[in-house]
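If you're matching positions, the sequence shown starts at 50 in my numbering and goes up one per residue.
Every residue, glycine too, gets a C-beta built ideally from N, C-alpha and C.
None of the values given here were measured: they were computed from a predicted structure.
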Amino acid sequence: MNVILIMNDTLRYDHVGANGNPWISTPNLDAFAAEAAVFDNNHLCSFPTVPNRHEMMKGRHGNPFQAWRPLEWGAMTLPKALRLAGYETMFIHDTPHLANFGYGFDRPFSGWEFVRGNEADRWRTDYFSELQVPGGGKFTWDQQATHEYRNYRHMRREEDQCVARVMSAACEWLDHNAGHEKFFLWIDSFDPHEPWDPPQHYVDMYDPGYEGEKITWPSFGEVADKFSAAEQRNVKALYAGEVTLMDRWIGRVLEKIDDLGLREKTAVIIMSDHGFDFFEHGYVGKRAIYPEVVRTVQMVRLPDGAGAGSRVSQLTQHPDFAPSVFDLTGVDVPEGMDIQGRSWVPLLSGGGYEARTATVSGNGPSYFDARSPFAAALAGRFTGWSPLQVTDGRWWLVDNADPGMRELYDVDADPDTQVNLYGQEPDHYARLHAELISFLEQSQAPDIAIKLFRDGPDGIDPKQGAAVFAPGMFPDGVPMNTVRPGNVVRQD
Numbered sequence: 050m051n052v053i054l055i056m057n058d059t060l061r062y063d064h065v066g067a068n069g070n071p072w073i074s075t076p077n078l079d080a081f082a083a084e085a086a087v088f089d090n091n092h093l094c095s096f097p098t099v100p101n102r103h104e105m106m107k108g109r110h111g112n113p114f115q116a117w118r119p120l121e122w123g124a125m126t127l128p129k130a131l132r133l134a135g136y137e138t139m140f141i142h143d144t145p146h147l148a149n150f151g152y153g154f155d156r157p158f159s160g161w162e163f164v165r166g167n168e169a170d171r172w173r174t175d176y177f178s179e180l181q182v183p184g185g186g187k188f189t190w191d192q193q194a195t196h197e198y199r200n201y202r203h204m205r206r207e208e209d210q211c212v213a214r215v216m217s218a219a220c221e222w223l224d225h226n227a228g229h230e231k232f233f234l235w236i237d238s239f240d241p242h243e244p245w246d247p248p249q250h251y252v253d254m255y256d257p258g259y260e261g262e263k264i265t266w267p268s269f270g271e272v273a274d275k276f277s278a279a280e281q282r283n284v285k286a287l288y289a290g291e292v293t294l295m296d297r298w299i300g301r302v303l304e305k306i307d308d309l310g311l312r313e314k315t316a317v318i319i320m321s322d323h324g325f326d327f328f329e330h331g332y333v334g335k336r337a338i339y340p341e342v343v344r345t346v347q348m349v350r351l352p353d354g355a356g357a358g359s360r361v362s363q364l365t366q367h368p369d370f371a372p373s374v375f376d377l378t379g380v381d382v383p384e385g386m387d388i389q390g391r392s393w394v395p396l397l398s399g400g401g402y403e404a405r406t407a408t409v410s411g412n413g414p415s416y417f418d419a420r421s422p423f424a425a426a427l428a429g430r431f432t433g434w435s436p437l438q439v440t441d442g443r444w445w446l447v448d449n450a451d452p453g454m455r456e457l458y459d460v461d462a463d464p465d466t467q468v469n470l471y472g473q474e475p476d477h478y479a480r481l482h483a484e485l486i487s488f489l490e491q492s493q494a495p496d497i498a499i500k501l502f503r504d505g506p507d508g509i510d511p512k513q514g515a516a517v518f519a520p521g522m523f524p525d526g527v528p529m530n531t532v533r534p535g536n537v538v539r540q541d
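Structure below.
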């Protein structure tokens with residue numbers, strides 16, 4: 050069986066028509082959903098982009114100790130295992146964080162193609178003397194605007210957009226590789242990640258006539274009050290336009306699969322890694338706390354039609370991707386890979402499945418690996434331990450080392466998470482808190498993380514969070530911000 054993954058960064062679950070959105074046009078995703086199994090409770094585990102891809106490739110929980118760091122040299126991963134089992138494996142992406150700084154997520158594949166120019170990709174160096182960006186604390190930061198302008202100023206047509214070039218590259222690859230006995234194609238589209246700059250006609254579908262500042266990358270934080278009602282509406286329209294643009298070009302890939310006669314022997318999986326906060330709770334950005342970010346898109350279409358048209362309510366997470374693909378392909382999990390996720394294939398085929406009682410999501414304590422490229426910039430800027438989110442599907446706990454910052458919601462009765470019931474439902478808190486501690490222990494989290502959430506922050510030096518996770522992460526002793534000659538083309 051062939052397998053095609055289409056990963057869409059920052060695609061929010063409830064911004065897809067098939068998931069109940071009434072105002073954003075996603076006709077291709079909606080049609081695909083009708084032929085697929087749609088997962089309604091696929092929750093992020095690690096967060097954001099880079100930690101998420103680690104756990105998808107390895108099938109292991111990254112949260113809460115998977116730092117933002119390169120893929121380890123020699124790591125056994127899903128694409129490497131498939132390649133060694135005779136699969137032709139290909140990675141087509143425009144996600145700069147997976148390629149820049151020698152992060153090496155291309156190494157396990159037979160081949161790879163990096164489509165240049167999205168977000169902070171260090172691609173163009175065009176000179177310009179002045180750049181105007183929106184003021185008032187609304188734009189994320191001037192340097193980011195510089196990157197964006199340099200990379201996007203040459204895009205004149207829709208076909209020049211990154212998502213269009215990624216999906217077109219995937220179609221071309223399929224044209225030349227459909228004859229392989231078996232293949233695994235990972236398409237990683239950074240859209241609809243910010244900046245949101247779709248062609249204007251897509252924006253006009255949702256907010257025609259807007260004459261204010263176009264804020265393609267809003268500032269993150271509790272800054273909703275900095276935006277007027279018109280600006281908030283336009284920010285949402287920019288994102289919606291990006292989603293519809295993405296949907297159109299995903300449709301090209303789905304059409305190509307049919308044109309080449311691949312549907313009957315190819316599993317197609319469409320996913321996202323996390324969502325986005327659009328002014329909910331007064332916040333703009335991404336916090337792995339509330340459903341807007343934690344719930345993700347996952348749709349699976351199998352060649353035999355198993356699960357077609359169904360809605361899967363069981364709790365699943367991104368570490369389940371690798372064991373599920375092993376299950377679909379019949380490739381044995383390599384010795385030593387130590388999978389922690391669980392295959393969701395039985396949920397579609399009617400086999401036995403050990404249901405989760407809860408999921409844990411987050412990005413762990415506020416730290417990066419001490420040897421990551423970001424460590425120096427973050428030194429001395431500790432702002433507090435990040436919360437972790439725990440849910441059984443109904444009760445939604447935002448657990449924090451600081452009891453005064455804990456939150457508990459009944460999302461069946463309160464889907465917008467507006468009524469904090471922490472302190473009123475001690476039994477539900479105790480049960481979910483116990484699930485968190487169990488998860489940390491089973492995931493072999495560092496003692497500092499377990500102690501922090503079990504006993505509280507007393508006696509823990511916050512600065513430990515910047516270094517305690519580094520030992521043993523890189524056995525050969527090479528600093529994580531060291532770029533080895535040729536490492537972006539080496540295949541391990």
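Contact between the stretch 53-71 and the stretch 273-292 is present: three or more C-beta pairs spanning the two stretches fall below 8 Å. Of the residues assessed, Val468 falls on the exposed side of the cut-off, its CB having fewer than 16 other CB atoms within 10 angstroms. Boundaries of the alpha helix (DSSP H) harbouring Phe370: Phe370 to Thr378, taken from the DSSP string. A straight-line Cα-Cα distance of about 20 Å links Ala124 and Cys94. Between Asp240 and Leu147, the C-beta spacing is not below 8 Å. In this structure, the straight-line span from the alpha carbon of Gln363 to that of Tyr176 is close to 52 Å.
Residue range Asn51 to Asn57 is occupied by the beta strand (DSSP E) that includes Met56. In this structure, the straight-line span from the alpha carbon of Gln493 to that of Arg344 is close to 24 Å. At a Cβ-Cβ threshold of 8 Å, Asp322 and Met56 count as neighbours.
Measuring C-alpha to C-alpha distances from Pro452 to each of Ser435, Val215 and Leu54 identifies Ser435 as the nearest. When DSSP states are grouped into helix, strand and coil, Asp459 belongs to the strand group.
Apart from the 5 residues on each side of it in sequence, Ala86 sits with its Cβ closer than 6 Å to the Cβ of Val349, Gly356, Ser359, Val361 and Leu397 in its chain, given in chain order. Take the alpha-carbon of Glu456 and the one of Ile486: they are about 17 Å apart. Around the beta carbon of Lys129, a 10 Å sphere encloses 16 or more other beta carbons of the protein chains shown; the residue is thus reported as buried. Contact check for Trp266 against Ala213 fails: the beta carbons are separated by 8 Å or more. Closest option to Tyr402, judged by alpha-carbon separation, among Thr365, Ile388 and Thr174: Thr365. A check of alpha carbon separations from Gly108 across Thr126, Leu60 and Gly261 identifies Thr126 as the nearest. Annotation: Gly300 to Ala218 spans about 14 Å, alpha carbon to alpha carbon. Per the C-alpha coordinates, the member of Ile497, Pro352, Tyr471 and Thr59 positioned closest to His242 is Thr59. Measuring C-alpha to C-alpha distances from Asn283 to each of Phe328, Glu313, Leu303 and Val317 identifies Phe328 as the nearest. Distance from the CA of Arg171 to the CA of Asp209, rounded to the nearest whole angstrom, comes to 18 Å. DSSP, reduced to helix, strand and coil, places Arg312 within a helical segment of the structure shown. In the structure shown, Gly290 adopts helical secondary structure according to DSSP, grouped into three states. Uninterrupted alpha helix (DSSP H) stretches at least 4 residues long and entirely within the stretch 61-144 occur at 76-84, 98-107 and 127-133, given in chain order.
Under the rule that a run must span 3 or more residues, the beta strand (DSSP E) segments found entirely inside the stretch 323-352 read 347-350. Residue ranges of uninterrupted beta strand (DSSP E) with 3 or more members, entirely inside the stretch 433-505 and ordered along the chain, are 437-440, 444-448 and 456-459. Following the DSSP letters along the chain, one finds Leu147 in no alpha helix (DSSP H), marked with neither H nor E. In the DSSP assignment, Ile319 is bridged to Ile55 and Met348. Each of Leu489, Gln491 and Tyr458 was checked against the Cα of Pro475, and the nearest Cα belongs to Tyr458. His103 and His92 have their C-alpha atoms spaced approximately 16 Å apart. Listed in chain order, the non-local C-beta contacts of Gly505 below 6 Å within the same chain comprise Ala450, local neighbours out to five positions each way being set aside. Between Leu223 and Leu309, the CB-CB gap stays under 8 Å.
Around the beta carbon of Glu168, 16 or more other beta carbons lie within 10 angstroms, which makes this residue buried. Note on Gln491: under 16 other CB atoms within 10 angstroms of its CB, so exposed under the neighbour-count rule.
The C-beta of Trp72 has fewer than 16 other C-beta atoms within 10 Å across all chains shown, which makes the residue exposed. If you look at Asp237, you'll find it in the beta strand (DSSP E) that goes Phe232 to Ser238.
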